[in-house]
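Throughout, my numbering is defined as the position within the sequence shown, counted from one, plus 10.
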Amino acid sequence: MKTITRAITITCVAALLSACADHADKIQGTYVSPVQYQDYSCKQIRQEMMRVSRKVNQVSGVQDNQASNDSAAMGVGLVLFWPALFFLAGHDQHGELAELKGQYDALEEEAIQKNCNVEKEIKAARKAEEERKAKEALPEKQRHLNN
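Structure representation (structure tokens):
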């Protein structure tokens, strides 16, 4: 009887652990064919890159928050209160973020094919991502200082 209870407990914990959301920087883009952008002009590619970049930044923030919440729930659940583990099944944005990253990569590839000058948009996207990460890290650093 103890063996069955242990096996069920281990299975449940393993299932809950796999439900934890990944941080945004750990999510790879899914393949999106650049062919869908072949009729776009360089101006349209630039505009679409900016739109997708903003959306990636927004969804990345949601994903990182979910990953942090999952980590906190896991810590509380394993140490203090196991029912907290049921809160891990949250709003994981993994699929949407992977698709958006794939779209951005496809747009970048099409821009290269057409010799579009999109260096400015790429730099802006990277800067926005760095700012989002710095903004997110600030409250975490403040929490550590207060403890």
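Virtual Cβ for every residue (Gly too), placed ideally from N, Cα, C.
Query raised in the report: From what residue to what residue does the alpha helix (DSSP H) around Ile-122 run?
Result: To locate residue 122, count along the sequence shown from 1; it is residue 112. Segment 104-123, the alpha helix (DSSP H) holding Ile-122.
Query raised in the report: Do you know offhand how far Leu-98's Cα is from Ser-43's?
Result: Position 88 of the sequence shown, counted from the first residue, corresponds to residue 98. Position 33 of the sequence shown, counted from the first residue, corresponds to residue 43. Confidence is the limiting factor: at Leu-98 the pLDDT is only 49, short of 50, which leaves the residue's position unreliable, though a coordinate-based value still follows. So the two alpha carbons sit approximately 33 Å from each other.
**Report entry** For Cys-52, the three-state DSSP class (helix, strand or coil)
**Finding:** For the purposes of this step, residue 52 is taken as residue 42 along the sequence shown, with counting starting at 1. If DSSP states are grouped into helix, strand and coil, Cys-52 belongs with the helices.
Query raised in the report: With burial defined as no fewer than 16 other Cβ atoms inside 10 Å of the residue's Cβ, what is the status of Glu-118: buried or exposed?
Result: Counted from its first residue, the sequence shown places residue 118 at position 108. Glu-118 is buried by the Cβ-count criterion.
Query - Glu-106 versus Ser-51 - alpha carbon distance - result: Counting from 1 along the sequence shown, the entry for residue 106 is found at position 96. Counting from 1 along the sequence shown, the entry for residue 51 is found at position 41. Each residue's alpha carbon lies about 25 Å from the other.
Query raised in the report: Under the rule that 16 or more other beta-carbon atoms within 10 Å means buried, what is Lys-111, buried or exposed?
Result: Counting from 1 along the sequence shown, the entry for residue 111 is found at position 101. When all chains shown are included, Lys-111 counts as buried.
**Report entry** Beta-carbon proximity of Pro-138 to Asn-67, cut-off 8 Å
**Finding:** Counted from its first residue, the sequence shown places residue 138 at position 128. Counted from its first residue, the sequence shown places residue 67 at position 57. Residue 138 is actually Ala in this sequence, not Pro. It is a contact, given that the beta carbons lie within the stated cut-off.
Query raised in the report: Once you ignore the five residues that flank Ala-17 on each side, which residues in its own chain have a CB closer than 7 Å to its CB?
Result: On the sequence shown, position 7 is the one that residue 17 refers to. Residue confidence for Ala-17 is low, a pLDDT of 48 falling below 50, so the modelled location carries little weight; the figure read from the coordinates is stated next. Cβ neighbours of Ala-17 beyond the five flanking positions: none.
Query - Asp-35, buried or exposed, once every other Cβ within 10 Å from all chains shown has been counted against 16 - result: The residue labelled residue 35 in the question sits at position 25 within the sequence shown. Asp-35 should be labelled exposed.
Query - CB contact flag (Arg-142, Gly-39, <8 Å) - result: Position 132 of the sequence shown, counted from the first residue, corresponds to residue 142. Position 29 of the sequence shown, counted from the first residue, corresponds to residue 39. No, Cβ-Cβ distance for Arg-142 and Gly-39 is not below 8 Å.
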